[in-house]
Amino acid sequence: MHESNDSPVRGLSRRDFLAYCGSLAVLIGLSETGAPRVAAALEEALKKPVLVWSDFQECLGCTIALLQSTAPTPAQLLLQQLSVAYNEAAMAAAGFQAEKSFDDGFAEGAYWVIEGSIASDIEGAIAIAGKTAAEITKERYSQAKAVIAIGSCACFGNVQARVPNPTGAMGVRDWLRGPGGVPGATVINLPRCPGHGEDLVATLTYVLVNGSLPELDSYGRPLFLYGKTIHETCERRAHFEAGQFVERFGDEGAAKRWCLYKVGCKGPVTYASCGINRWNGRVSWCVHAGPCTGCSEANFWNDLTPLAEPVPNVPVPGLGGLTAEQIGVGIGVATAAGLGAHLIGQVATGRLGKGGPPGLVHENGSAAPGAAAAQGETTKGGDA
Amino acid sequence: MAKVVIDPITRIEGHLRITCEVENGKVKDAWNTCTLFRGFEIFMEGVDPRDTWHYAQRICGVCPNPHALNSATAAERAMGVAKVPDNARLVRNMLDATQIGYDSILWFYILNAFDYVNVPNAANAKTADPQLRAIQEQLKAVLGSGQTNLFSNHYWDHPGYVLPAEVDLVLTSHYLASIEAQQWANQACAVIAGKFPMIMNMAAGGVTQLPSVEDIVYYKDMMSRVKEFTDTVMWPDLLAVAAAFPELATFGVGVGNHLTWGLLDGESQEPGDRVFPPGAIFAKTLKTEPVDPSKIALYTKHSFYADSMGGGRGPFEVGQAEIEFSDYPPIEGDELPSGKYDWTRAARYPSPSGTDVPMEVGPLSEVLVAYLAKKPEVVAYVDEALAAVGAPGKPEVLLSNLGRVAARVIKARVNCDYALTWADELLANLKAGDTECFIEGDLNATGEGVSGYDAPRGALSHHVRIADGKVTKYAAVPASNWNLAPRDDDGVRGPVEEALIGTPVVDPTKPLEILRTVHTFDP
C-alpha cells in the first residue's frame, strides 16, 4: 500500500480528518491521544471491497462488456464502489509493477474475478509474467475471499473447448476440482458470452450483503440469475405460441420479428438472465436481432451446434420429467403441438438420451435444478 | 547493456510480453512474445459454414465485428454468394462504424492515455470549475484510500510526464467521459445487432433481418453523439498531446512497409470502392501498390509451431496443428529470446522485388493509402493534423509514433461522417420498399472463400474451404500476425520489434517509452 497524505473521507483534508478523529476519540471516552486508534478503525471501516480481475484464455469480451454497464456505470463501479487492485485492461502499471498490484490486492483480501479459461493440456498456452493460468489459480485460490468466473470461458472453457479442444481449455471450477487441484473447490460461475457486468454486480452485492454465497445450480450458476430460460422471457414468445416462425433470414417473418426457433434459436434450452438485464444499458438483447446461441450453457459449442439448425434433442412434456414450461411448448396450441410432435419424433428415433451427445439431459432423464440443459458435474469443458 | 522485460504489457487486448536490450539509453534490440494460444484454426475445421462467424468473432472481444464480417464474407463466397444485397452492405458498414467509433475512443483514452496523462498529478491542479473539482475529489478519494487501485504502483514520477496539472485534470475528465462515449457507439451497435460485444445479426449471405425505422433513428442519435465527442473532444485532445510530446514524431518509425485490405464497402462491394481502399507501401516511398490476400506468406521458425509449417506458404497451406512448445524464454537473468519465442506466426508480404518483407498494419497504413489515393475526406483531416503539428504538406512525419496516434483519430472522424450517411441510405431503401437483406448460399458446395477487410488494429483476413456442408480448412490472419510477428525465417524483425529499435529509455526500471511505442500499435 502506498503512503498518502490524503484523507479517506471525501471533502476532508488529512489534517481535518485527524482532527475529526481526535474529537471523536474524546466523545467516546478516550483522550485525544486515542485519535490514531479511531483513525485506524475508521479507515478500516471505510475500505471498499477489493477486486482482483485476472484474464486467462480469453478475448477481453467480458471486460469490454463490463465497460458497457450503465447501472452502475464503470466509473462508479471501478472507482467508487470497489477498489480494483488489478485489471490488465484498465490499470496504469505494467510489468513487475503490475505484478506488485496483483500481490497487494490479494494481501488486502480480494474477491477474485477470472475471465478466460485454463489450459490444462498445453499449460503454457496462457501465461502471465511467466506463470501459467494453472499455476496462478493453484497459488491464489485459497487467498481469495471468493472466486467468481465471469463469462463462459472461465466457467466452461467456451469456444476454445470446441472439439478437439487443442489446449485442453477448461473452466476454473472444473480445473480446480480435477487432479492435483482443490477437491470441492467453490467458484461462482456467471456464464454467457460475453459475461454480463450486471450479473457480476448482482452477485457481488449478494455476497457483500448476505456474507454468504448465493444458492448455485449444479453448474455453479446462481439460481437467482439462471433460473429462467430465454424462451420464458422472450419478446417473440407470442409468435411461437401463434405458430409464426422465421423460415429464412430476411423473409417476411424476419421483418415482422416472428419466432426464431426454426432458424436455430436455442432459447428453449438456455438459462440466463438476458431477458431481465438485456445488454448495453438494456437497450437491446440477442433475440432482438437473431437466434439465441445458448451461450450460458456448458459445452454449447459441441452440444448445440450447428447453431444454424433448430435445437436438437429438446426434452418434451411427459418425457424425462420436464414440464411444458421448461421447453415452452404451449398448451392446446396446434402449432406448438406440431412442434412437440417433431421433437417427439427425435426422441422416438433414439437421438435423445441414448445416441445423442451428452449434456442436454441427466442420465436418469431428469433436469438439474434450474438447468434443463444440464450435464454431468464432472464435465471438462468439452475435452471429449 | 540492460535486459528489460515487460510482462504483462497492460492496457491491450490479449497477452503480451516485450523483451528489450537497452544500451546507452536506447533500445538496441527487441522481441515480442504473445503468451496466449487457443487454436481457432484447429477447432473450426468441421463446423457448419453458416456458423463460422459466431466462432470467429470470439477471436477478439474488442473487435468482434470485423471478425464476424470477414468470416461471414469468406463463408458466403465459398457457398457461391459473391455479393450481398445492398441493404446488407449498409447494415454491415453501420456495424463496423460503431466498432471503429467505440474502439478509437477506447484506445485513445482507456488503453493509451495513461502513457501521457499523469492522473495523480491531476489531483494537484488548481481549478474553480465545479465539475472538475468534483472529479478531483473523486480522484483524491481513490488515491488516498490506502487501498491498491488502478493507479497504484505505476511510475508517475517518470520525467516523461510533462503536462501541467491542469491539463492532466482536463484529460482525466475526458478519460472518464470517454467511458460513456464508447457506450453510445455500442448501444448503436446493439440496437441493430442485439448486443456488443458478440453481435447476433450477421449471416453468411447478408444479415438476419433489417433494423426497424425506430432502431435506425436510435442508431443515428447515438452515432451523432459519438461523432460530436470524436470531433470536439478527442480531436482537440489529440492535437494537444501531439503539441506537448513533439518527440513522438522522432521515434517508432518501424519497418516502413504498410499494408491494408481496405474497409467500409462502397456500393459496388469491390475492394477498390471502399472508403479506405486497399494498398501497400514499401520502404517509406509514399507510393501505393495493389495487394492480394493470396500472396500472404507465413513463417514459423521463431513461433511455437514446427518450422516446416510455415516456410513462406499461404494461409490455406499453414495451420496451427503441429505445436512445438516447451517454455517461454526466461524473464530473469541475461538470456535473450532465441529460437522459438512467440505464439504468433510471422506474416509477410512480397515487396515489388519479390522478397517477403514485414508489413505494418493499422489505421496509419489505412490513412496513408487513402491519403495517397486522394480520398478527399481523408486528405482534409490529414492536412489539418499536419498543419496543427507544424508540418504542413509533410505526410512523411506520420511514419512515427505520432502518425499511429493521429491516424486512429483521423480514421474515427471519417468513419463517423459515413455512419450517418449509411443510416440515411438504409432509411431511404426501407421507405422505397426495398427490404432484401439475405441470399441463401449453397451449403453443400465445394468451394473456397477469402475475405480481407481491416479490423481496428489493421489488416485482417479470413480464409475458408468447404465441402459437404462442413469447413475443411479455416485460417485467420489477424493484425497481430502482421504487427506482432516475431522474426521470420531469415531473422528479420517484426514491425513492433523494429519500431522499438532506437526508442529512448531514460530508466530501464521504468520503461514508459517502450509502453508508448508498443501502445501506438494498439497491440
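Same order as they appear, the protein sequences are chains A and D. Under my numbering, the first residue of the first sequence is numbered 1, with each subsequent residue one higher. Under my numbering, the first residue of the second sequence is numbered 1, with each subsequent residue one higher. Note that beta-carbon positions come from the ideal geometry of N, C-alpha and C, so glycine has one too. All values derive from a computational prediction rather than experimental measurement.
Kindly list, in the order they appear in chain D, the residues whose Cβ is closer than 7 Å to that of residue i.
i, result
"M170/A", "Those within 7 Å of M170/A in chain D number zero; the least Cβ separation is about 13 Å."
"E43/A", "G146"
"E108/A", "Q147 and T148"
"A94/A", "I6, P8, I9, T10 and L515"
"E135/A", "Within 7 Å Cβ-Cβ: nothing; E135/A doesn't reach chain D, min ~12 Å."
"Q57/A", "L36 and R38"
"R162/A", "F43"
Which residue from the options puts its Cα closest to that of residue i?
i, options, result
"R556/D", "P290/D, T285/D and W261/D", "Not covered by the structure: residue 556/D. The range shown for chain D is 1 to 523."
"A149/A", "P191/A, I64/A and D251/A", "P191/A"
"A93/A", "S71/D, T98/D, Y116/D and R89/D", "Y116/D"
"D342/D", "V4/D, W31/D and Y349/D", "W31/D"
"E108/A", "I128/A, T63/A and A85/A", "A85/A"
"F40/D", "T509/D, H463/D and L248/D", "H463/D"
"W53/A", "T148/D, V241/D, S326/D and P64/D", "T148/D"
"A125/A", "P395/D, G491/D, M222/D and I323/D", "I323/D"
"R173/A", "N165/A, Q160/A, P166/A and C153/A", "C153/A"
"Y299/D", "K340/D, F325/D, P211/D and A134/D", "K340/D"
"G354/D", "G312/D, L336/D, G25/D and A122/D", "G312/D"
"L200/A", "S101/A, G294/A and N277/A", "N277/A"
"S117/A", "L78/A, N189/A and D251/A", "N189/A"
"P49/A", "G294/A, V269/A and L78/A", "L78/A"
"A65/A", "G290/A, N299/A, N280/A and G250/A", "N280/A"
"P508/D", "V477/D, E23/D, V357/D and T10/D", "E23/D"
"A538/D", "V170/D, G256/D, I281/D and A204/D", "One cannot answer for residue 538/D here, as it falls past the ends of chain D, which runs 1 to 523."
"D251/A", "V263/A, G95/A and A242/A", "V263/A"
"E245/A", "A144/A, L204/A and G290/A", "With the sequence shown as reference, residue 245/A is identified as Phe, and Glu is not the correct amino acid for it. The shortest C-alpha separation from F245/A is found at G290/A."
"V405/D", "Q99/D, P85/D and I105/D", "I105/D"
Exposed or buried, residue i, counting other C-beta atoms within 10 Å across all chains shown (16 or more means buried)?
i, result
"D157/D", "exposed"
"G15/A", "The sequence shown places Arg at residue 15/A, not Gly. Classification of R15/A: exposed, given that the 10 Å Cβ count is below 16."
"R37/A", "exposed"
"S69/A", "buried"
"M309/D", "buried"
"A373/A", "Caution applies to A373/A, whose pLDDT of 32 falls short of 50 and renders its modelled position unreliable; the model cannot decide the point."
"V587/D", "Summary: the structure shown does not reach residue 587/D, with chain D confined to residues 1 through 523, and so no result is reported for it."
"G180/A", "exposed"
"V283/A", "buried"
"P246/D", "exposed"
"Q131/D", "exposed"
"A321/D", "exposed"
"T230/D", "buried"
"T250/D", "exposed"
"P315/D", "buried"
"S326/D", "exposed"
"G338/A", "Here the model assigns G338/A a pLDDT of 36, short of 50, so the residue's position is not dependable, and the following value carries that caveat. Exposed."
"L27/A", "exposed"
Strictly below 7 Å CB to CB, what residues from chain A border residue i?
i, result
"A190/D", "W279, N280, V283 and S284"
"E440/D", "R248"
"C437/D", "G250"
"D51/D", "T305, P306, L307 and A308"
"H54/D", "T293 and L307"
"H154/D", "A92, A93 and Q97"
Please name the residue or residues paired with residue i in a DSSP beta bridge.
i, result
"T288/D", "I281/D"
"H463/D", "V450/D and A475/D"
"Y271/A", "T229/A"
"S296/A", "S296/A is not bridged to any residue."
"N32/D", "I18/D"
"Q57/A", "S117/A"
List, in chain order, every chain D residue whose beta-carbon is nearer than 8 Å to that of residue i.
i, result
"I126/A", "H15, T35, L36 and F37"
"G197/A", "By Cβ distance, chain D contributes nothing, its closest Cβ being about 11 Å from G197/A, past 8 Å."
"P72/A", "Those do not exist, as P72/A stays about 12 Å from chain D at its closest Cβ, beyond 8 Å."
"G267/A", "Residues of chain D passing the Cβ test: none, with the nearest at roughly 12 Å."
Segment contact flag, the stretch 207–226 of chain D with the stretch 457–477 of chain D, C-beta cutoff 8 Å, min 3 pairs: No, the stretch 207–226 of chain D is not in contact with the stretch 457–477 of chain D.
Touching by the beta-carbon criterion (3+ pairs, under 8 Å), the stretch 119–131 of chain A and the stretch 172–189 of chain D: By the Cβ rule, the stretch 119–131 of chain A does not count as touching the stretch 172–189 of chain D, because fewer than three pairs are nearer than 8 Å.
At least 3 beta-carbon pairs within less than 8 Å: the stretch 265–273 of chain A vs the stretch 290–309 of chain A: Contact between the stretch 265–273 of chain A and the stretch 290–309 of chain A is present, because at least three Cβ pairs lie under 8 Å.
Touching by the beta-carbon criterion (3+ pairs, under 8 Å), the stretch 233–253 of chain A and the stretch 436–449 of chain D: Contact between the stretch 233–253 of chain A and the stretch 436–449 of chain D is present, because at least three Cβ pairs lie under 8 Å.
Residues of the stretch 323–336 of chain D whose Cβ lies closer than 9 Å to any Cβ of chain B, in chain order: No chain B is part of this structure, whose protein chains are labelled A and D.
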